[in-house]
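The structure appears below as structure tokens.
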Amino acid sequence: MSDPITPPHTADILAFRPRVKVPEGKPDSAEAASLAAASAEDPQLRLQRALAALDDALARQKHAVADWRSTMSLLGAQVDGLGGALAGLSSNLGDLHAQVSVLHSSAEDLQAQADRMQTASAGE
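Residue numbers (numbering that gives the first Met the number 0): 0 to 123.
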């Protein structure tokens, strides 16, 4: 898997030579050399190189998609684990709430008993 901070190589730009327009009149020597170089390259060879580069790009994309799926699977497992932990925490909080409610009820009973005893001792 690649480093999340450094973005991976994302694309190759296939540079095709631009078609050279024949200027009006006779081309100068630089233009003639450019026209000769552009027409000298075999179109089949250019096509083969382009297809090879495309095959390579598709293979790298396939690998990147497999890495992405693996990462998403790992993320799903982590989220499922987090969901289980939160469910356990919720259950523990429910148990704690029940215990606190019992203690609160006992504290109210003790307060009422203390109030009765104070009233009884004040009346004597």
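C-beta: ideal position from N, C-alpha, C; glycine also.
The structure presented is a predicted model; accordingly, all values stated were derived computationally and were not measured.
Roughly how many angstroms lie between the CA atoms of Gln47 and Asp54, to the nearest whole one? In the sequence shown, counting from the first residue as 1, residue 47 sits at position 48. In the sequence shown, counting from the first residue as 1, residue 54 sits at position 55. Going from the Cα of Gln47 to the Cα of Asp54 covers about 10 Å.
Using the three-state DSSP reduction, which class does Asp11 fall into: helix, strand or coil? On the sequence shown, position 12 is the one that residue 11 refers to. Three-state DSSP puts Asp11 in coil, outside helix and strand.
Check whether Ala63 and Asp11 have beta carbons under 7 Å apart: Sequence index remark: in the sequence shown, residue 63 carries index 64 (1-based). Sequence index remark: in the sequence shown, residue 11 carries index 12 (1-based). No, they are not a contact pair.
Taking 6 Å as the limit between beta carbons, can you name the residues of its chain near His103, skipping five residues before and five after? Residue 103 sits at position 104 when you count from the first residue of the sequence shown. Excluding positions up to five away in sequence, the list is empty.
Extent of the continuous alpha helix (DSSP H) to which Asp79 belongs: Along the sequence shown, one-based indexing puts residue 79 at 80. Its alpha helix (DSSP H) spans residues Pro42 to Gly122.
Look at the alpha carbon of Thr9 and the alpha carbon of Leu50, and state the distance between them as a whole number of angstroms. On the sequence shown, position 10 is the one that residue 9 refers to. On the sequence shown, position 51 is the one that residue 50 refers to. Their Cα atoms are separated by approximately 18 Å.
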